[in-house]
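J.: Supplied in structure tokens, the structure appears directly below.
Numbering (my numbering), first residue to last: 1324 to 1498.
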């Protein structure tokens, strides 16, 4: 097995992980849309029509975008791995500390990046509500979202993916 094949395998796992995450909120999202769409009162109140339409179209678009990204990761894993991994080296079948640390670091980095893609709608909602609150809207409710954890996880995932050689060498020195 080469490092490109392993990277493609990890990318496929991340794509499957991202696709499965859709079903965490899929049922509750469409059930809430169905429930609000069937209520006759919302037809009478013109003030609530636009936010519900916006919620429906934004949520549907983000769900479709999530499906497209997960399918892209799954189907184009070889192409992405060729872009990420410049040299195609054979992976030694025996486990040594350096190869094991690279596998673990790459897996963690790609899974963190895939989960960060999944939480983009929550991040956008947090930013919108925070901006609204900072602009003086006292009715804005900031959702329970760990902004700092989200940003740090993206940064750490990118560092793990693109600096894997230096990080694994540093780990080997510490052992």
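Where a beta carbon is used, it is the ideal one built from N, C-alpha and C, also for glycine.
None of these values were measured; they are calculated from a predicted model.
Out of 1483, 1473 and 1484, which has the shortest C-alpha to C-alpha gap to residue 1446?
T.: 1473
J.: Report yes if the C-beta distance between residue 1403 and residue 1325 is below 9 Å; otherwise report no.
T.: no
J.: Using 8 Å as the Cβ pair cut-off and three pairs as the minimum, do the segment 1419–1429 and the segment 1461–1480 touch?
T.: no
J.: Which one of 1396, 1427, 1400 and 1385 has the shortest CA to CA distance from residue 1483?
T.: 1427
J.: Does the beta carbon of residue 1334 come closer than 9 Å to any beta carbon on chain D?
T.: Here there is only one protein chain, and chain D is not present.
J.: Excluding the 5 residues preceding and the 5 following residue 1437 in the sequence, name in chain order all residues of the same chain whose CB lies nearer than 6 Å to its CB.
T.: Only residues of its own chain outside the window of five on either side were considered, and among them 1337, 1340 and 1341 have a CB closer than 6 Å to the CB of residue 1437, listed in chain order.
J.: Sort out for me which residues DSSP pairs residue 1325 with in a bridge.
T.: 1413
J.: What first and last residue would you give for the alpha helix (DSSP H) that runs through residue 1469?
T.: Neither: residue 1469 is in no alpha helix (DSSP H) and is coded neither H nor E.
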